[in-house]
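Numbering (my numbering), first residue to last: 43 to 293. Backbone N, C-alpha and C define an ideal beta-carbon position, used for all residues, glycine too. The block underneath contains the structure these notes are about, expressed in structure tokens.
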């Protein structure tokens with residue numbers, strides 16, 4: 043808590059001494075407004091997001107530029123480290139969020155699904171999930187390990203400008219206009235899982251893959267044959283279904 047980092051429309055970020063309120067260093071290099079700046083969990087690095095379509099990693103002690111994260115097709119509005127400091131998640135006006143390797147600056151995966159600008163992207167404190175807030179009036183929860191969307195938080199009439207997890211990772215708070223909402227993460231994921239099981243139970247393998255929606259296929263990794271096989275079909279059903287889903291996903 044001894045330092046503060048700020049982002050500015052003047053294309054810089056600045057590090058400040060929290061006690062003296064004097065600026066310690068200026069991070070220069072972006073070619074557009076800087077919309078987001080945050081420290082890594084151990085305080086050794088800073089990540090910034092900019093109008094120049096990049097995010098950048100800086101040494102928090104020397105203010106030296108370490109790496110440039112390139113890949114977004116439009117303004118990068120948000121950038122944050124994972125709890126262990128090994129990953130970075132960014133949100134952009136190109137309607138995607140992206141996960142990056144914080145050590146190599148390599149893009150790991152693109153999170154697609156939003157239909158509007160992604161204003162906010164953040165890891166859960168336990169590192170298992172990511173939440174994004176978007177101009178499409180939704181927030182979405184993503185599984186970090188599988189990189190798949192696992193729940194959509196709906197109900198706003200306007201853009202969701204901010205979304206973040208509680209310290210225990212069990213709740214999410216979202217903001218849109220003058221309204222904030224608190225969501226039960228476990229409840230949302232459980233409901234999504236239950237809906238998927240119900241749809242699968244109502245669909246027979248005799249009708250083939252065409253009866254399953256693209257969303258069902260994307261959500262399939264949420265299911266555990268050992269846990270879900272008693273829901274409506276024997277284990278052999280789940281084994282066959284898993285092969286169909288796997289073939290579809292890897293096409």
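Query                                                                                                                                                                                 : Result
Consult DSSP for residue 263 and reduce its assignment to one of helix, strand or coil.                                                                                               : Note that residue 263 scores 48 on pLDDT, short of 50, meaning its location in the model is unreliable and no value can be drawn from it.
For the segment 52 to 65 and the segment 114 to 122, state whether three or more C-beta atom pairs, one from each stretch, are separated by less than 8 Å.                            : no
What does a CB cutoff of less than 6 Å around residue 44 pick up in its chain, not counting 5 residues either side in sequence?                                                       : 60
Around the C-beta of residue 175, are 16 or more other C-beta atoms found within 10 angstroms, so that it is buried, or is it exposed?                                                : buried
By alpha-carbon positions, which one of 221, 110, 165 ends up nearest to residue 145?                                                                                                 : 110
Just list the residues that DSSP pairs residue 146 with in beta bridges.                                                                                                              : DSSP, once it has assigned bridges, lists no residue as partnering residue 146.
Is it buried or exposed, residue 48, if we count other Cβ atoms within 10 angstroms and call 16 or more buried?                                                                       : exposed
For the segment 109 to 171, which segments carrying the beta strand (DSSP E) assignment without a break, of at least 3 residues, lie completely within its bounds, in sequence order? : 118 to 123, 129 to 134, 139 to 143, 149 to 153, 160 to 165
Mind reading off the beta-carbon distance from residue 202 to residue 189? Whole number of angstroms is fine, and I expect it under 8 Å.                                              : Not really, about 21 Å apart at Cβ, beyond 8 Å.
Determine the DSSP secondary structure at residue 227, reduced to helix, strand or coil.                                                                                              : helix
Run the CB neighbour count on residue 155, radius 10 Å, all protein chains shown included, and call it buried at 16 or more, exposed below.                                           : buried
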